[in-house]
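Protein sequence lines, in the order shown, are assigned to chains A and B.
By numbering that gives the first Met the number 0, the letter at position 152 of the first sequence is numbered 151, and the numbering carries on one by one without gaps.
By numbering that gives the first Met the number 0, the letter at position 400 of the second sequence is numbered 399, and the numbering carries on one by one without gaps.
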Amino acid sequence: MQPPPPSNDVSRRGFFQLTLGWLAGSFAAGATAAAAVRFLVPNVLYEPSQRFKAGRPEDYVDGSVTFLEDERVFLVRKGRTFRCLSAVCTHLGCTVNRVGQGYHCPCHGSVFDDEGSVKAGPAPRALEWFAVTMSRDNRLVIDKNLRVRADKFLVV
Amino acid sequence: MSAPRVQRLFHWFQRTRVGRSIFRVGLPQSNLERSQAMVSSFLLHVQPAKVGRHALRPSTTFGLGLISLYLFFILIGTGVLLMFYYVPSTGHAYDVMKDLQFVVSAGLIVRNMHRWAAHLMVFFVMLHLCRVFYTAAYKPPREFNWVIGTGLFLVTLGLSFTGYLLPWDQLAFWAITVGSNIAGYAPVIGPKLQFLMLGGHTVGQEALTRFYALHVIVLPSIALLMISVHLFRVRKDGGLARPDEPANTVQQMEVSQLPTNKSYGLMELARGTTPQVGLNPADEVFSWPNLVFRELLLLLATIAVVLFLAIFWNAPLEELANPIHPPNPAKAPWYFLGLQELVSYSAFWGGVVVPGVLVAGLVFLPYLDRQRRGVGRWFAPERKLATTLFTIGLIIAIVLTTIGTVFRGPNWSWQVPWKQSPAPTEGP
């Protein structure tokens, strides 16, 4: 008995079987990959809150720039106005140092002026300014989620 | 005990029932047994029973790939030992480093060996890459093995990078801060990728846990699998590249081409489409002992050098990681300092575009290079353009790395290494 000649034609049933098979296979692989990636995205962060209290206004001397270590921000007081500047370099995330009337990043040499604008170095953007508000118990509240323009003050 | 007595003891053991069950062949006495020894042993069968004389010449490869493999073995051995003490916790990791230095017996030397072997592995993998390029050993049929090799190069860098965070000292913390921020510059997925890598917004406990998992199981497993494929392909693609290789592996050797004054059987001559075609049995020697003993010697030399380094130089360990004060200057490990120098001009161009183009260029190199000649020869004159371009790239990389390593001082400003640099500027 002769075997049937090989044929390249796909029957209707064969076509549906192939389609269904490939669809099911790709869906299973894709869903598994998506679930694995989603698994790696944390749902809860145990990081310090982005919103924190920074003490009473009178804790800060007029004309001072105070570095708040744990929060990596500078609190700037001029007269009755308060502003808060990020100490995280916009280049690659190092902590900048206050040098003279500006800020220097030790990692790749970015230099920022008193207003946080880039004077030199590879930093692509100015340092961020964060919103400063006052709580009911007369404490300064800084919210690092709220970015504001450099000319926005809290007046006390 | 004298050498003959050891040999006699081994021969006696080999003839016992237990001995015969372990060593099928024993110490080979004839050419037949030399072949059988290679084929019947699990550890040796990876290699052919006979090798071409050119493969034994040191100048063919300088053993660079093999040295990288040996360093990988040393890293697994010392790494597993370190795992018995290490705790991937921001509160404990640094204490464990101090224990390894001062309390654990031989802890210092194991950590030193791990660190120096890691640096050496990066170095030898780079040298191996250069050797394969300069001898044109990536040309057909070895294109895909070059691609796997490029992957192994990246996995080696990944292993170094993830291992860098584990001591949780200043160097670790700031190198990973800088490195993960570079990932954040990647187009579209950058910030998400950075978040996924760190398991948060900053380098902390989550990042340490993730890097630990990557360093001790994920990346080593990938490396082991890829190394296996890499070695398998070396054999299946016709062994080491050689100058007299037939340009087209499909070429078939006719019986009439065989030398008539030899008596070896036709089974030694490969026919058909395998890359073995064209191998001349007259140019081959038995792997046992010619190849095996050379390889053992190289293994001993590699271990000796790593031990020597580990005994006389301690692996660096800076102060405990301090997220508030980056060291000034904050430097990455030496193999990333060229990249860091580029990044100091522009994070996007230096940290994403240039490395991306370089990696893509390396991966696609064997498919872009259409010149078929020059295989198995150093700096073949037919490949003047390719050799020149590669050498220019290499020199640029070396210059950038040198600048980043010795000519950059506090605030990443220029300094001359033989002059005392000014004290680092501190905050108020």
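We put the beta carbon where it would ideally sit given N, CA and C, even for glycine.
Nothing here was measured: the structure is a model prediction, and the numbers come from that model.
Nearest-angstrom beta carbon gap, residue j and residue i [assumed within contact, 8 Å]
i: V131/A; j: L153/A; result: 4 Å
i: G120/A; j: W128/A; result: With a Cβ gap of about 19 Å, G120/A and W128/A do not count as contacting.
i: F73/A; j: R97/A; result: 7 Å
i: H127/B; j: L74/B; result: That pair is no contact at about 16 Å.
i: K138/B; j: R371/B; result: 6 Å
i: L361/B; j: T149/B; result: 5 Å
i: W115/B; j: L308/B; result: 4 Å
i: L297/B; j: L65/B; result: 6 Å
i: P242/B; j: G375/B; result: 4 Å
Backbone CA spacing between residue i and residue j [nearest angstrom]
i: V329/B; j: L68/B; result: Per the sequence presented here, residue 329/B reads as Ala, with Val not at that position. Computed Cα separation, rounded: 31 Å.
i: L44/A; j: K143/A; result: 16 Å
i: V304/B; j: R23/B; result: 34 Å
i: Y344/B; j: G92/A; result: 15 Å
i: R138/A; j: E70/A; result: 16 Å
i: A34/A; j: T176/B; result: 27 Å
i: P325/B; j: L306/B; result: 33 Å
i: I216/B; j: G106/B; result: 22 Å
i: A30/A; j: P87/B; result: 31 Å
i: S63/A; j: R82/A; result: 11 Å
i: A122/A; j: T94/A; result: 13 Å
i: L81/B; j: Q204/B; result: 19 Å
i: M120/B; j: L70/B; result: 6 Å
i: Y59/A; j: A92/B; result: 37 Å
i: G198/B; j: A171/B; result: 17 Å
i: T55/B; j: A135/B; result: Looking at the sequence itself, residue 55/B is Leu, so the reference to Thr does not match. Taking the straight line joining both Cα atoms gives about 18 Å.
i: N247/B; j: V17/B; result: Any reading at N247/B needs caution, since the residue's pLDDT is 48, under 50, leaving its predicted position unreliable; the model's value is listed next. So the alpha carbons of these two residues sit roughly 48 Å apart.
i: P322/B; j: L84/A; result: 17 Å
i: E57/A; j: R50/A; result: 20 Å
i: F26/A; j: R37/A; result: 16 Å
i: Q250/B; j: D282/B; result: Below a pLDDT of 50, predicted positions are generally treated as unreliable, and Q250/B, at 47, falls in that range; the measurement from the model is reported next regardless. C-alpha separation (whole angstroms): 19 Å.
i: F101/B; j: T77/B; result: 17 Å
i: V9/A; j: A28/A; result: 26 Å
i: N144/B; j: N289/B; result: 26 Å
i: F83/B; j: H214/B; result: 15 Å
Per DSSP, the bridge partner or partners of residue i
i: V154/A; result: T80/A
i: Y102/A; result: R97/A and F111/A
i: W413/B; result: R407/B
i: L74/A; result: T65/A and C83/A
Beta-carbon gap between residue i and residue j smaller than 8 Å
i: L388/B; j: L341/B; result: no
i: P47/B; j: S227/B; result: no
i: E381/B; j: G373/B; result: yes
i: Y85/B; j: T386/B; result: no
i: L316/B; j: P166/B; result: yes
i: L195/B; j: V87/A; result: no
i: G108/A; j: W173/B; result: no
i: A182/B; j: L192/B; result: yes
i: N327/B; j: P416/B; result: no
i: E142/B; j: P365/B; result: yes
i: N111/B; j: A314/B; result: yes
i: V124/B; j: T155/B; result: yes
i: T201/B; j: E68/A; result: no
i: L43/B; j: V284/B; result: no
i: H53/B; j: L151/B; result: no
i: E32/B; j: Q169/B; result: no
i: L218/B; j: G178/B; result: no
i: I310/B; j: I108/B; result: yes
i: S159/B; j: A117/B; result: yes
i: F41/B; j: L26/B; result: no
i: Y163/B; j: A346/B; result: no
i: F111/A; j: G101/A; result: yes
Listed by chain order, chain E residues near residue i by CB distance under 9 Å
i: V40/A; result: Of the protein chains in the structure, A and B, none is chain E.
Check your understanding: Whole alpha helix (DSSP H) runs in the region 270-339 of chain B with 4 or more residues, listed along the chain?
Key -> List check, alpha helix (DSSP H) in window: 286-311.
Exercise for review: Report the residue ranges of all alpha helix (DSSP H) runs contained in full by the region 40-98 of chain B; include only those spanning at least 4 residues, in chain order.
Suggested key: Counting only runs of 4 or more, we get 52-55, 57-60 and 63-82.
Exercise for review: Identify every run of the alpha helix (DSSP H) within the region 172-205 of chain B, keeping only runs that are complete inside it and at least 4 residues long; order them along the chain.
Suggested key: Contiguous alpha helix (DSSP H) elements confined to the region 172-205 of chain B occur at 189-197, taking only those with 4 or more residues.
Practice item. With a floor of 3 residues, list each beta strand (DSSP E) that falls wholly inside the region 29-61 of chain A, ordered by position along the chain. Key: Counting only runs of 3 or more residues that sit fully inside the region 29-61 of chain A, the beta strand (DSSP E) segments are 50-52, in chain order.
Check your understanding: Taking only runs of the alpha helix (DSSP H) that begin and end inside the region 104-149 of chain B, which ones reach a length of at least 4 residues, in chain order?
Key -> Complete alpha helix (DSSP H) runs here, min 4: 106-133.
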